[in-house]
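This report concerns only the one structure given below.
There are 4 protein chains.
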Amino acid sequence: MTTHHFFPTHYHVTLGSHAPVLYIADGDTVITTTVDAHGKDATGQKITSGPNPQTGPFFVNGAMPGDTLAVHFDSILPNRTWGWTRDTLATNVVDPDYVRTFPPREIADWYVDVERQIAKLVSPPRGLEQFSVPLSPMLGCFGVAPAEGQAISTMTSAEHGGNMDYNGFVQGVTAYFPVFAPGALLCVGDGHAVQGDGEIIGTGIEISMDVQFTVRVRKGKTIHTPRGENAEFIFTAGNARPLDQALQIATTEMHRWLMSDYGLDTTGASLLLGQCVRYAVGNVFDPAYTMVCKMPKRFLP
Amino acid sequence: MTTHHFFPTHYHVTLGSHAPVLYIADGDTVITTTVDAHGKDATGQKITSGPNPQTGPFFVNGAMPGDTLAVHFDSILPNRTWGWTRDTLATNVVDPDYVRTFPPREIADWYVDVERQIAKLVSPPRGLEQFSVPLSPMLGCFGVAPAEGQAISTMTSAEHGGNMDYNGFVQGVTAYFPVFAPGALLCVGDGHAVQGDGEIIGTGIEISMDVQFTVRVRKGKTIHTPRGENAEFIFTAGNARPLDQALQIATTEMHRWLMSDYGLDTTGASLLLGQCVRYAVGNVFDPAYTMVCKMPKRFLP
Amino acid sequence: MTTHHFFPTHYHVTLGSHAPVLYIADGDTVITTTVDAHGKDATGQKITSGPNPQTGPFFVNGAMPGDTLAVHFDSILPNRTWGWTRDTLATNVVDPDYVRTFPPREIADWYVDVERQIAKLVSPPRGLEQFSVPLSPMLGCFGVAPAEGQAISTMTSAEHGGNMDYNGFVQGVTAYFPVFAPGALLCVGDGHAVQGDGEIIGTGIEISMDVQFTVRVRKGKTIHTPRGENAEFIFTAGNARPLDQALQIATTEMHRWLMSDYGLDTTGASLLLGQCVRYAVGNVFDPAYTMVCKMPKRFLP
Amino acid sequence: MTTHHFFPTHYHVTLGSHAPVLYIADGDTVITTTVDAHGKDATGQKITSGPNPQTGPFFVNGAMPGDTLAVHFDSILPNRTWGWTRDTLATNVVDPDYVRTFPPREIADWYVDVERQIAKLVSPPRGLEQFSVPLSPMLGCFGVAPAEGQAISTMTSAEHGGNMDYNGFVQGVTAYFPVFAPGALLCVGDGHAVQGDGEIIGTGIEISMDVQFTVRVRKGKTIHTPRGENAEFIFTAGNARPLDQALQIATTEMHRWLMSDYGLDTTGASLLLGQCVRYAVGNVFDPAYTMVCKMPKRFLP
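Protein chains in written order, with the numbering used here: chain P, 2 to 302; chain X, 2 to 302; chain Y, 2 to 302; chain G, 2 to 302.
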């Protein structure tokens, strides 16, 4: 169990089988940084191009196609004091006719106060002068190399993870990915100081981060789409459009999980989900939407 | 402010401009009962036909098209000790190919223990022998008469409410409906002792209820789709397919609400929603799906 | 076989169990008129309110729930010389961001020359000065009373027909409807002198019509959604959102049809459809979209 | 204008920036072959792995990002006498509940008679003993390297083309692609002897092909999604899910085309499309669906 301090020197805007920046072992911990969605670092310098430049890939020794990679987020912490968002609802989250009422889209700047754990608008519009929002730092885009030698833009997401923009991927959470390429080739990026459900203005509060994570390989454990776990829930993430299909993918994967790991049959897993399932909307902005299917641990057999 | 005890003698399977069963005033309270989705009452007798037979309609004096009807649920309480659910995931909430693995669908019976506030399966499958779920009694289908003299099946939902199957419609909540017909013509029915998000097995724990509600008319206040309020959130409900469109409707209505009642402009309402919005999946089973857009009250200006 | 000349005196904006305007027999023919989508008649007078006012309902003696009503359109002919359309693409048929480029929507007037069988813009914009389009008169909204005593707005469509806005419903076509109410209660309206696929500007060339149709009852023949037939194709219409679901409904019904009437099994009907099916987009504008699944008659066993 | 005879020695299952197999000039013609979707060649040998192995990429000298590549299909001809299809409707093109009635899926073999221009089932099920279908050879999957160094699976499609499975891509058609990478990097594959609309059984009649095409570079002409042209229509292809979004992409691109190349303004392009547009369903089976928006040339200014 080694702890690696990794200082990135270049970034990727696809998740794919790029040359590893570091080889790490099952159980190792990495301490590193991520730039924001536009490629700006802790000092505010634009050091690379977006969208969502990724730190990595990290080659996890022993991880092979068919295995599962567990990534525990030990810490996700903004490393500067300002972030930015868009300032208008995305056109795809409102009635199509309502778009006619929208002003041109601008960028809004935010103070990010890590000590007080809040963010505030630098130039609040009327009515939001007193508004502040508690921080809940998360990673919007991270994942592994996809199958068949694909390289997929960090604009979008799929079975390999990617730009899921789910505000539940905070520190303390373990994310699970299907391994499609030798070494899994984990990348991380796109930090948000906080984000509402759905990323409906097209951004969270975009910011650079200090990130620490620990990886584990689950040999021979095959999953179909990203999964995760926190103190209260196990969960699955479906990445697709429309939201209906994202929900279908997440629900199917949760149903499989309840059968494979908790001893339930088709009916038992259905009955349990039917009365206990919770859904969370990851994003409804990116090319693929993300729906998260959550099962409270306290109801698990 | 009168309290009416109303004992239904017939039920409706559409929401429409049916003959009122009772005329009530702004501020009045009604204490009544609902049968379950199959038309079975507190004694277990099937006294009417489904789907989702409605008690009502209640004519609210003074409510006119263009007004808003507020319905506060004072109490929603199961009035018998058993409920039922389906036992297999709905075919539309899983990957289409996964449907091939499904056994024939059956009905499952549940003990509903109102005193201990839990429900348990009568014949639990393997692994669920110890499983119980806390009650959270709700109404799945209720609403007002729709516009233009329509009569719409209680299978589905739209701007007038109907079969939204949102597990947030519990006691203590106030629901708001656009008024489309004189008197609003409120109906209530389809109680669930508890229901997971999405109603993904096609039912909650279906049960008959004792219901008490209080109505208020907001003269001249026009809304476009059902809204609601509880201690923590204001919320809007979009009823449509796909889920994307339900979300668009709900988000648009919330954005309008923030502007009309909280003094925000287009940008301000967008910035606030962007980092604070929460979504809840009502149902993803009925002909129209329901997505709920929630804004925490603590962030409102 | 009687031929009825029916002169409407009132119209309906829902399809439902309204009082019949005429009782007709299996095999009878009706000659009548329809007003345009805004309620304007052959003289251009607005004599009733929209949307899509319906002539009828016609009670077909002997038609009972579970039967099928066949409606053959003997003739659909514009009975005035001008029509109107909207002049901008519907906001839901383009990329959401593209809506920002749209000017305010206006109404455009068209000359409808029945003799020369063409329509031309009254005030053509730059580049369309020479543009004319051949007439192909059709009915956009027609159908029968829906199930369970529902009354459904003529804005939308479902299993009972309604506002399908499919440009294939022209003279010479036979439409088939499931019968849900005694007498079927057929209504007709919403004539278009011509319409592109999808009704993507929200209208065809809206016009009043002289209509002649002949009805037949298929006793004991049960169908699930509208069907139709012309010289070249049998076809089915799915009415739902998203378009994917409309396509699922239409395809399922065609697959059933091939099995029930043409002696094919599940595999045979699949193999035939797989290489021979054609789809047509009815509308992608109304609350429910319409997708048409077509099977060329020449390939039928 | 050189004619190249290219004999492939390896194939790709992603469209991406792979090493070119041949450098060709603007105006050059290539005569080559494609294997079927499973990697079987003219002799029936499986010489590579699927899905949809691609011949290429061909580097077109001078083609640069921002240009358009025109690919004219001079000839697409099956080069063997048998093909194969699946034998059951795809589960995503029918009502989800209807999937329960489906038998296990098998492969069906077909005789492909290029001389008589028909295909027949080798072992026809009951009722299809006499069934034959005229050939209409097409390419299901072809396109250029996508943007940002992506490599995208030949299972799916996007702005760069890919697995569109549109039965209109036959010989005589010119396809247009946005160029995202130097040389465009054109690949071709996935021949179908014939295919119904939508590829609703998940395949056309899959077969290896002799293909001849000629390329042209349109310098400085930027398009957003594949376009095409045949004797009767200009058309655009939207690749996305749901079908609604595919239609939005295709319609937006056609509207842009009418404005940029035919002198129409927003209103003029809308009015023309409104009454003249035709849609064709490419595929409703692959991860991205394809909708084609067609404008008859005879109506163009």
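The beta-carbon is built from N, C-alpha and C at its ideal position, and this holds for glycine as well.
Looking at C-alpha atoms only, which residue of the options is the closest neighbour of residue i?
i, options, result
"residue 167 of chain P", "P:286, P:27 and P:17", "P:286"
"residue 48 of chain Y", "Y:34, Y:89 and Y:152", "Y:34"
"residue 157 of chain G", "G:6, G:290, G:190 and G:140", "G:290"
"residue 252 of chain Y", "Y:231, Y:56, Y:227 and Y:264", "Y:227"
"residue 80 of chain X", "X:294, X:214 and X:193", "X:193"
"residue 179 of chain X", "X:213, X:219 and X:197", "X:219"
"residue 191 of chain P", "P:26, P:42 and P:25", "P:42"
"residue 70 of chain G", "G:187, G:108 and G:149", "G:187"
"residue 184 of chain Y", "Y:45, Y:27 and Y:258", "Y:27"
"residue 1 of chain Y", "Y:125, Y:122 and Y:217", "Outside the shown range of chain Y, which is 2 to 302, sits residue 1 of chain Y, and nothing can be said about it."
"residue 119 of chain X", "X:107, X:170 and X:133", "X:133"
"residue 78 of chain G", "G:210, G:225 and G:215", "G:210"
"residue 258 of chain X", "X:288, X:72, X:237 and X:122", "X:237"
"residue 108 of chain P", "P:292, P:122 and P:146", "P:122"
Could you compute how far the alpha carbon of residue i sits from the alpha carbon of residue j?
i, j, result
"residue 279 of chain X", "residue 87 of chain X", "29 Å"
"residue 254 of chain X", "residue 301 of chain X", "16 Å"
"residue 164 of chain P", "residue 244 of chain P", "15 Å"
"residue 39 of chain X", "residue 50 of chain X", "6 Å"
"residue 162 of chain X", "residue 144 of chain X", "5 Å"
"residue 270 of chain G", "residue 262 of chain G", "11 Å"
"residue 1 of chain X", "residue 11 of chain X", "With chain X represented from 2 up to 302, any question about residue 1 of chain X goes unanswered, as that position is not in the structure."
"residue 112 of chain G", "residue 76 of chain G", "21 Å"
"residue 229 of chain X", "residue 67 of chain P", "46 Å"
"residue 93 of chain X", "residue 242 of chain X", "12 Å"
"residue 175 of chain P", "residue 104 of chain P", "40 Å"
"residue 232 of chain G", "residue 294 of chain G", "15 Å"
"residue 154 of chain Y", "residue 267 of chain P", "40 Å"
"residue 296 of chain Y", "residue 137 of chain Y", "21 Å"
"residue 15 of chain G", "residue 151 of chain P", "7 Å"
"residue 250 of chain X", "residue 173 of chain X", "25 Å"
"residue 6 of chain G", "residue 95 of chain X", "48 Å"
"residue 282 of chain Y", "residue 198 of chain Y", "6 Å"
"residue 141 of chain P", "residue 159 of chain P", "13 Å"
"residue 90 of chain G", "residue 264 of chain Y", "17 Å"
"residue 196 of chain P", "residue 201 of chain Y", "36 Å"
Could you list which residues in chain Y have their beta carbon closer than 7 Å to that of residue i, in chain order?
i, result
"residue 17 of chain X", "152"
Against chain P, with Cβ distances strictly below 9 Å, would residue i count as a contact?
i, result
"residue 126 of chain X", "yes"
"residue 176 of chain G", "no"
"residue 107 of chain G", "no"
"residue 271 of chain X", "yes"
"residue 200 of chain X", "yes"
"residue 81 of chain X", "no"
"residue 120 of chain X", "yes"
Using 9 Å as the limit for Cβ to Cβ distance, is residue i near chain Y?
i, result
"residue 246 of chain X", "yes"
Chain G partners of residue i, CB-CB under 7 Å?
i, result
"residue 14 of chain P", "149"
Residue i touches chain P at which residues, Cβ-Cβ below 7 Å?
i, result
"residue 100 of chain Y", "92, 97, 100 and 101"
"residue 36 of chain X", "Per Cβ cutoff of 7 Å: no residues; residue 36 of chain X is ~21 Å from chain P at best."
Can you list the residues of chain Y that residue i reaches, using a CB-CB cut of under 9 Å?
i, result
"residue 329 of chain P", "Only positions 2 to 302 of chain P appear in this structure, which leaves residue 329 of chain P out of reach."
List, in order along the chain, the chain G residues whose C-beta lies closer than 8 Å to that of residue i?
i, result
"residue 242 of chain P", "241, 242, 243 and 246"
"residue 58 of chain Y", "By Cβ distance, chain G contributes nothing, its closest Cβ being about 29 Å from residue 58 of chain Y, past 8 Å."
"residue 197 of chain Y", "274, 275, 276, 277, 278 and 279"
Output, in chain order, the set of chain Y residues within a Cβ distance shorter than 8 Å of residue i.
i, result
"residue 300 of chain G", "132 and 134"
* Asked: On the three-pair Cβ rule with 8 Å, is the region 202-209 of chain P touching the region 262-276 of chain X?
  -> yes
* Asked: Is the region 18-28 of chain G touching the region 54-64 of chain G, taking contact as three or more C-beta pairs under 8 Å?
  -> yes
* Stretch-stretch touch, CB-based, cutoff 8 Å, three pairs: the region 92-104 of chain X with the region 121-134 of chain X -> no
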